[in-house]
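Mind the numbering: the sequence shown is residues 23 to 313 in our numbering, read in order. Note that beta-carbon positions come from the ideal geometry of N, C-alpha and C, so glycine has one too.
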Amino acid sequence: MRRTVRTRVRRFDETGLIDARADSLAGEEPLEVRLDGEQFTVTMRTPGDDVELIAGFLLSEGIVTEWKQILRVDFSTGIDPDGTRNLNVARVVLEPGTWDRDRYQARQIYTSSACGICGTASIEAVQRTSTYPIVLDAMSEDGPVASPAITSRVLLSLPDAMREEQKLFGSTGGVHAAGLFRMARDAGGIADSAELVAVREDVGRHNAVDKVIGWALQEGMLPLSDTILQVSGRASFELVQKAAMAGIPVLSAVSAPSGLAVELGREQGITVVGFNRGTRFNAYSHHERIA
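What follows is the structure in structure tokens.
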């Protein structure tokens, strides 16, 4: 399993061939996850931090809420159903009674680096109530509101702070990143700084988020009620759902959110920020959290 692979690349411009040289590409391999002996999912991911990936995915799926529920993860190799390629297989042993076997028996999820939860029958299947609900402070005519919690200056600093730690992107230019920041509050309760505590990279943006949330689960940090999740691409419904499951109140993206992501953010009490680049950003839900 390799996080990067080397290949030959030929560079062209309008005049034709410039040169040929070696280049690095992001690794991408399948990982099959089996829960208590049963296949649960196959995902395409960048190898590395696989235990974190599995832990974050199980949390996002509502199967686990604590690290102690994952008793063991063993890795081996196997062959996919049509026999065409090798698979990395992770056999996960959960604490007895952790998951409802019948509920998931018929649900075969196939995820890819582009689409995430492609195999889910409907959006309703992933709209779950988090074990770690995000608490809002008051009601207005538009619904629940949050008190100011973070300055716009801090939010604007996050993409560059995360980019400095994106080592795999620096060598390949071909991976997404997710960064978890811990807010530091002043005497008035406003976050006037944020510390980057974890960054994970992957060919799939949903995998990067699962890895960073899985790391936090291992560290016993949940609920992540005093953190911000920064992502390198767009903010999809799935990423907001993962933030909700971990109790993250603020999700910031350098690109646009989807309409459904914003709707879920409003329902779950999450401040969804998009186009966070340079000197400005857009707040799509619960803007009152920003001072």
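Span separating the alpha-carbon of residue 71 from that of residue 266 = Cα-Cα distance, rounded: 22 Å.
query = Once you ignore the five residues that flank residue 121 on each side, which residues in its own chain have a CB closer than 7 Å to its CB?
reply = 57, 85, listed in sequence order.
ask   = Between residue 274 and residue 281, what straight-line distance do the alpha-carbon atoms span, to the nearest angstrom?
value = Approximately 15 Å between the Cα atoms of the pair.
query = When you compare each of 195, 27, 38, 60 to residue 51 by their alpha carbons, which one comes out closest?
reply = Closest in C-alpha terms to residue 51, from the list 195, 27, 38, 60, comes 27.
message = Using a Cβ-Cβ cutoff of less than 6 Å, which residues in the same chain neighbour residue 73 once the five nearest sequence positions on both sides are dropped?
response = So the qualifying residues of the chain are 95.
Residue 278 beta carbon less than 8 Å from that of residue 296 = Less than 8 Å divides the Cβ of residue 296 from the Cβ of residue 278.
ask   = If you draw a straight line from the C-alpha of residue 49 to the C-alpha of residue 223, how long is it?
value = Spanning the two alpha carbons is a distance of roughly 11 Å.
ask   = Should residue 206 and residue 217 be called a contact, given that it needs their Cβ atoms to be closer than 8 Å?
value = Contact flag set, yes.
inquiry  = Quick check for students: name the residue ranges of the beta strand (DSSP E) that lie wholly in the stretch 231 to 296, counting only runs of 3 or more.
reply    = Listed in chain order, the complete beta strand (DSSP E) runs (minimum 3 residues) inside the stretch 231 to 296 are 249 to 253, 272 to 275.
Unbroken stretches of the beta strand (DSSP E), 3 residues or longer, contained in the stretch 29 to 71 = Those beta strand (DSSP E) runs which fall completely within the stretch 29 to 71 and span 3+ residues are 38 to 48, 51 to 57, 60 to 67.
ask   = Between residue 203 and residue 252, which are expected to be in contact by the criterion C-beta below 8 Å, what is the C-beta distance as a whole number of angstroms?
value = Confirmed, about 6 Å.
task = State buried or exposed for residue 32, treating a residue as buried only when at least 16 other CB atoms are found within 10 Å of its CB.
result = Under a 10 Å Cβ-count criterion, residue 32 is classified as exposed, with fewer than 16 other Cβ atoms of the shown protein chains found around its own Cβ.
Coarse secondary structure for residue 309, derived from DSSP in three states = The answer is helix: DSSP assigns residue 309 an H, G or I state.
Length of the line joining the Cα atoms of residue 210 and residue 171 = Between the alpha carbons of residue 210 and residue 171 lies a gap of roughly 9 Å.
task = Please report how far the alpha carbon of residue 283 lies from the alpha carbon of residue 180, in whole angstroms.
result = Roughly 20 Å separates the two Cα atoms.
request  = Tell me whether residue 24 sits in a helix, a strand or coil according to DSSP, three-state version.
outcome  = Residue 24 falls in the coil class under three-state DSSP.
Residue 78 beta carbon less than 8 Å from that of residue 189 = Here residue 189 is not near residue 78, since their CB atoms are 8 Å or more apart.
query = When you compare each of 153, 34, 65, 287 to residue 245 by their alpha carbons, which one comes out closest?
reply = Comparing Cα-Cα distances from residue 245 to each of 153, 34, 65, 287, the minimum goes to 153.
query = Quick one, which of 158, 271, 229, 291 has its alpha-carbon nearest residue 53's?
reply = Closest by alpha carbon: 229.
task = With DSSP collapsed to three states, give me the class of residue 216.
result = Of the three classes helix, strand and coil, the one that applies to residue 216 here is strand, per DSSP.
task = Compare the Cα-Cα distances from residue 303 to each of 45, 191, 176, 262 and report the closest residue.
result = If we check each option's Cα against that of residue 303, 176 comes out closest.
N- and C-terminal bounds of the beta strand (DSSP E) containing residue 202 = Start and end: 198 to 207.
query = Taking the C-alpha atoms as reference points, what is the distance between residue 187 and residue 219?
reply = Straight across, the Cα-Cα distance linking residue 187 with residue 219 is about 11 Å.
task = Pull up the distance between the alpha-carbon of residue 98 and that of residue 65, whole angstroms please.
result = Their Cα atoms are separated by approximately 15 Å.
task = May I have the straight-line CA-CA distance separating residue 262 from residue 39, to the nearest angstrom?
result = Rounded to the nearest angstrom, the two C-alpha atoms are 44 Å apart.
request  = Please work out which residues of its chain come closer than 7 Å, Cβ to Cβ, to residue 24, disregarding the five sequence neighbours upstream and downstream, and give them in chain order.
outcome  = Non-local beta-carbon contacts of residue 24 in its own chain, meaning distances under 7 Å to residues more than five positions away in sequence, involve 49, 69 in chain order.
query = Thinking C-alpha only, which one of 268, 264, 158 is nearest residue 310?
reply = It is 158 whose Cα lies nearest to the Cα of residue 310.
request  = Put residue 122 into one of helix, strand or coil per three-state DSSP.
outcome  = Looking at residue 122 - three-state DSSP - the assignment turns out to be coil, as it is neither helix nor strand.
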